[in-house]
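Structure record follows, encoded as structure tokens.
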Amino acid sequence: MTSEVTDKVRTRYAELVAKINDAQHRYYVDDAPTLSDAAYDELMHELEALELAQPELVSQDSPTQRVGAGDWLGFASVDHAERMLSLDNAFNDDQLAAWAVRVEKDAGAPVRYLCELKIDGLAVNLTYEKGRLTRGATRGDGRTGEDVTANVRRIAGIPHKLAGDNPPDLVEVRGEIYFPAQAFADLNAAQLAAGERTYVNPRNAASGSLRQKDPSITAKRALHLIVHGIGARTGFEPTSQSDAYAQLKSWGLPTSERWRVVDSLDEVKAYITNYAEHRHDLEHDIDGVVVKVDDVAEQVKLGATSRAPRWAIAFKYPPEEVNTKLLGIEVNVGRTGRVTPYAVLEPVFVGGVTVTSATLHNQQEVVRKGVRVGDTVVIRRAGDVIPEVLGPVEALRDGSEVVWQMPATCPSCGTKLAPSKEADVDLRCPNARYCRKQVIERIIYIGGRDGLDVEGMGEKAAIALVEGGVVTNEGDLFTLDEKLLSQSPFFLKKDGTLSTNAGKLLANLEKAKQQQLWRVVTSLSIRHVGPTAARALADHFNALEAVEGPAIASASLEQMSVVEDVGGTIAEAVREWFAEDWHREVVEKWRAAGVRMEQEPVADTGPKPLDGLTVVVTGTLEGHSRDEAGEALTALGAKVAGSVSKKTSFVVVGENAGSKLDKARSLGVPILDEPGFAVLLEQGPEAAKAYADANRETE
Ligand code: IVH
103 MTSEVTDKVR TRYAELVAKI NDAQHRYYVD DAPTLSDAAY DELMHELEAL
153 ELAQPELVSQ DSPTQRVGAG DWLGFASVDH AERMLSLDNA FNDDQLAAWA
203 VRVEKDAGAP VRYLCELKID GLAVNLTYEK GRLTRGATRG DGRTGEDVTA
253 NVRRIAGIPH KLAGDNPPDL VEVRGEIYFP AQAFADLNAA QLAAGERTYV
303 NPRNAASGSL RQKDPSITAK RALHLIVHGI GARTGFEPTS QSDAYAQLKS
353 WGLPTSERWR VVDSLDEVKA YITNYAEHRH DLEHDIDGVV VKVDDVAEQV
403 KLGATSRAPR WAIAFKYPPE EVNTKLLGIE VNVGRTGRVT PYAVLEPVFV
453 GGVTVTSATL HNQQEVVRKG VRVGDTVVIR RAGDVIPEVL GPVEALRDGS
503 EVVWQMPATC PSCGTKLAPS KEADVDLRCP NARYCRKQVI ERIIYIGGRD
553 GLDVEGMGEK AAIALVEGGV VTNEGDLFTL DEKLLSQSPF FLKKDGTLST
603 NAGKLLANLE KAKQQQLWRV VTSLSIRHVG PTAARALADH FNALEAVEGP
653 AIASASLEQM SVVEDVGGTI AEAVREWFAE DWHREVVEKW RAAGVRMEQE
703 PVADTGPKPL DGLTVVVTGT LEGHSRDEAG EALTALGAKV AGSVSKKTSF
753 VVVGENAGSK LDKARSLGVP ILDEPGFAVL LEQGPEAAKA YADANRETE
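Here is the structure:
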């Protein structure tokens, strides 16, 4: 159906073409995207819908008529022997199902699907002639790319010669170049230290690193390749995609270990769900899953449009990077007085949640990011990581943006802000004793999990206690009674009598007096003293104050320096804290109210067999509860950690272990099942390492 094209539609069409072309140029050529993937997809959809409804609109320079962009950084242009197509996208199950229905209809029978990860990197085309790597090219516009042969030759893992005696006369191998997540963080840290530009994300880092005029720079970057297809070929006729991967692997090319061939759409969906959950446990970014018809004869039968094959589709995960407006920058005051600026954002859905604010850490960070109030900014929220402002989209500035300045005074109490030490990047409100915001934050912390764990003493109660004048500061918490609480309407029922919650709060405060000593120490909100340092101090001195002998309050710097996990900074912070009169008053009030101030000495039995090890326990073990397993490990000197990193010595896995197991696999951390755990406890780390090596899964 072709209706008459109105001026309004024509203008919108031209606008869309211009916007998308500009975005493509900035993405492909400048490595500095102005649009988030989601915003880009939205524009592209609108354009496609317009063109579908009114085909007479379609112009030569429409982005639907080509793939990518074609302006190059001075690399020679090179034509691909076979065009590099793009992929159509599915954003939900319905779109995926619609694609599958069409595939099976056109194929005339149910098909087998190959599922693999959609790596967020940079597509390349490697040409092997008689087994020799003769050319490496970027995708470019799909027909013509940049000749980056010298650069790809310097990437570890890309063979210059195919293994085996029988290489084909010609094969174009397509794949994705990516920057591993950890290497990306290291690269940006190094770039920052050297005063060089940092990269917004691993994809841009991959692109920037590959397209270096000096290949020796490429050689220094940790680029990786995973192959995901073939183009032109002579003397190589795989019958299926999976067949092709097996052959590419045998030639020494880096194929993925994660592709699967499945028989049904339900299994495809299970694959998609699994990687949506484990997206952040991988060594590279992914933005979805690619589903391909496995059989090559069926691929040929299904064919392709000018843009993308009909036999493959990209199932896209919700974007983790989006653009939004920076409405303002405000500052927050924390429990130790630290004043942190944070971004107030136009609400935006990213990484599965609606984000309205994001920390900006300190004023230097605001300067470094170069964000101005009114800017369009790129927000990233990946997994459980807190949302981050990556930077402004400078190209979208219109001159109305305002450079932000850190306030000179505390937004809560008006006291002049100052760094606590000369070289400190953080500004603080020095009015620790009376600044209401600081007092509220400290009380919330005391009520929290690292503090005395007082149920019912969360944010609302803390605000009511302080703003209602029920307490002056945390020193008054343990002498609270019904009469005092009834001063604040928050603790009263409508009829004016005390609420049940108020009663519970008093009972919980009473119980909290018996909490372990380390919890009392963290509850003091001494700078740098979190649960780890507090435990170390408690277990070493066994008392906060003592009539005789050293205690935490009276220990000298030397006495503290021998405590493991307590460095000079912590020792000084502890000394400074106790030098303050009103701090000692808080401790005195707590002591008088019956808060625990000592503990039985922890028996010291000398070195232990698992000293120095960090172990993560995940999943359900049959023989132990998680707590028991942790206690068994700590009793033998190991530290028990909650998350897996390169520093983890072992990961103990029970039934239904999830992402931590995947992370351990990807980092090469030794994995122990339950019998392996027994080996660790009974025979020590060396035997356990041998056990883990012997039982390593082979794929
Ligand atoms: S297949 C003819 N497989 O995604 C099929 N592409 O959005 C062409 N990509 O241009 C691509 N991972 O650069 C394929 N496992 C994968 C992929 C993948 C990432 C990229 C590729 C492509 C783009 C399309």
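Using the working numbering, you'd call the opening residue of the sequence shown number 103 and step up by one each time. Cβ atoms here follow ideal geometry from the backbone N, Cα and C, with glycine treated the same way.
### Query
Apart from the five residues on each side of it in sequence, which residues of its chain come closer than 7 Å, Cβ to Cβ, to E206?
Taking C-beta separations shorter than 7 Å and ignoring five residues to either side along the sequence, the partners of E206 in its chain run P212, V213, following chain order.
### Query
Does the distance from the C-beta atom of P521 to that of R530 stay below 8 Å?
Taking 8 Å as the Cβ cut-off, P521 and R530 qualify as a contacting pair.
### Query
Going by DSSP, which residues form a beta bridge with Y230?
Note: Y230 sits in a beta bridge opposite L235, V273.
### Query
For F779, which residues from the same chain have a beta carbon less than 6 Å from its beta carbon, with the 5 sequence-adjacent residues on both sides left out?
Residues V754 of the same chain have their beta carbon placed closer than 6 Å to that of F779, with the five preceding and five following residues left out of the count.
### Own chain, CB closer than 8 Å to S502, minus 5 neighbours either side, in chain order
Counting only Cβ-Cβ distances below 8 Å, and skipping sequence neighbours, we find G476.
### Task
Would you kindly check if the distance between the Cβ of G266 and the Cβ of S352 is under 8 Å?
In terms of Cβ geometry, S352 and G266 form a close pair [threshold 8 Å].
### Task
Return the residue from the list L189, A743, Q540 that minimises the CA-CA distance to T634.
Nearest to T634 by alpha-carbon distance, out of L189, A743, Q540, is A743.
### Task
Just grab the DSSP bridge partners of V363 for me.
BP columns for V363 point to L216.
#### Entry: Three-state secondary structure assigned by DSSP to A171
Annotation note: pLDDT 40 at A171 (below 50); position unreliable, coordinate value reported separately. In this structure, A171 counts as coil in the three-state DSSP scheme.
#### Entry: Any non-hydrogen atom of ligand 3 closer than 7 Å to H330 Cβ
Ligand 3 is absent from the structure shown, which contains only ligand 1.
### Task
In the DSSP assignment, find the unbroken alpha helix (DSSP H) run with N253 in it and report its ends.
Element bounds for N253: 251 to 254.
### Task
Please state whether DSSP places A640 in a helix, a strand or coil.
Looking at A640 - three-state DSSP - the assignment turns out to be helix.
### Start and end residues, alpha helix (DSSP H) containing Y444
For Y444, no alpha helix (DSSP H) run applies; the uninterrupted beta strand (DSSP E) run containing it begins and ends at 440 to 452, by DSSP.
### Query
Going by alpha carbons, who is nearest to Q293 out of E369, P269, I319, K315?
Closest option to Q293, judged by alpha-carbon separation, among E369, P269, I319, K315: I319.
### Query
Hey, is E784 close to ligand 1, as in C-beta under 7 Å from one of its heavy atoms?
Result no, Cβ not under 7 Å from ligand 1.
### Task
Check whether the Cβ of E218 lies closer than 7 Å to any heavy atom of ligand 1, and answer yes or no.
Yes, the beta carbon of E218 sits closer than 7 Å to at least one heavy atom of ligand 1.
### Query
Could you give the distance in angstroms between the alpha-carbon of Y444 and the alpha-carbon of L228?
The alpha-carbon of Y444 is positioned some 45 Å away from that of L228.
### Task
Throw me the rounded Cβ distance for the H182 and E248 pair, which I believe falls under 8 Å.
H182 to E248, Cβ: 11 Å. No contact.
### Message
So within the segment 485 to 512, which uninterrupted beta strand (DSSP E) runs reach at least 3 residues, ignoring any that extend past its ends?
### Response
Taking only runs of at least 3 residues, the beta strand (DSSP E) segments lying wholly in the segment 485 to 512 are 490 to 494.
### Message
Residues in the same chain with beta-carbon distance under 8 Å from G172, minus the five sequence neighbours each way, listed in chain order, please.
### Response
Low local confidence applies: a pLDDT of 39 at G172 is under 50, so the model's placement there is unreliable, with the coordinate-based value given in what follows. These residues qualify, in order along the chain: G242, D243, T246.
### Message
Looking at the strands, I want to know which residues DSSP matches up with N425.
### Response
Paired residue(s): V480.
### Query
Just checking my contact of K582 with L626 at CB under 8 Å: how many whole Å lie between their CB atoms?
For clarity, residue 582 is Leu in the given sequence; the question names Lys instead. Actually they are not in contact, since the Cβ atoms of L582 and L626 sit about 18 Å apart, beyond 8 Å.
### Message
According to DSSP, is Y129 part of a helix, a strand, or is it coil?
### Response
In this structure, Y129 counts as helix in the three-state DSSP scheme.
### Query
Is DSSP giving S658 helix, strand or coil here?
Judged by DSSP in its simplified three-state form, S658 adopts coil rather than helix or strand.
#### Entry: Contact test: E278 Cβ vs ligand 1 heavy atom, cutoff 7 Å
Within the cutoff, so yes.
### Message
Going by C-alpha to C-alpha distance, which of Q466, K322, D208 sits closest to G405?
### Response
G405 has its Cα closest to that of D208, out of Q466, K322, D208.
### Query
So, helix, strand or coil for T104, using DSSP?
Bear in mind that a pLDDT of 44 at T104, under 50, signals an unreliable position, so the number given afterwards is only what the model happens to contain. Correct three-state label for T104: coil.
### Span separating the alpha-carbon of T720 from that of K585
Going from the Cα of T720 to the Cα of K585 covers about 47 Å.
### Task
Tell me whether A225 counts as near ligand 1, meaning its Cβ is closer than 7 Å to at least one heavy atom of that ligand.
Answer for A225: yes, Cβ within range of ligand 1.
### Query
How big is the Cα-Cα spacing for I388 and M699?
Roughly 51 Å between the two C-alpha positions.
### Message
Taking 7 Å as the cut-off, is the C-beta of S318 nearer than that to any heavy atom in ligand 1?
### Response
No; taking the cut-off as 7 Å, the Cβ of S318 has no heavy atom of ligand 1 nearer than that.
### Message
Going by C-alpha to C-alpha distance, which of W620, V689, R256, T341 sits closest to E400?
### Response
With distances taken between Cα atoms, E400 lies closest to T341.
### Message
I need the straight-line Cα distance from E801 to L312, nearest angstrom please.
### Response
At E801 the pLDDT is 37, less than 50, meaning the model places this residue with poor confidence and gives no usable figure here.
### Query
In whole angstroms, what is the alpha-carbon distance linking V441 and F680?
Cα to Cα, V441 sits roughly 23 Å from F680.
### Message
Classify N268: buried if its beta carbon has 16 or more other beta carbons within 10 angstroms, exposed otherwise.
### Response
Counting Cβ neighbours within 10 Å, N268 comes out exposed, since fewer than 16 surround it.
### Message
What residue range does the alpha helix (DSSP H) around G310 cover?
### Response
Counting along the chain, G310 sits inside the alpha helix (DSSP H) bounded by residues 304 to 312.
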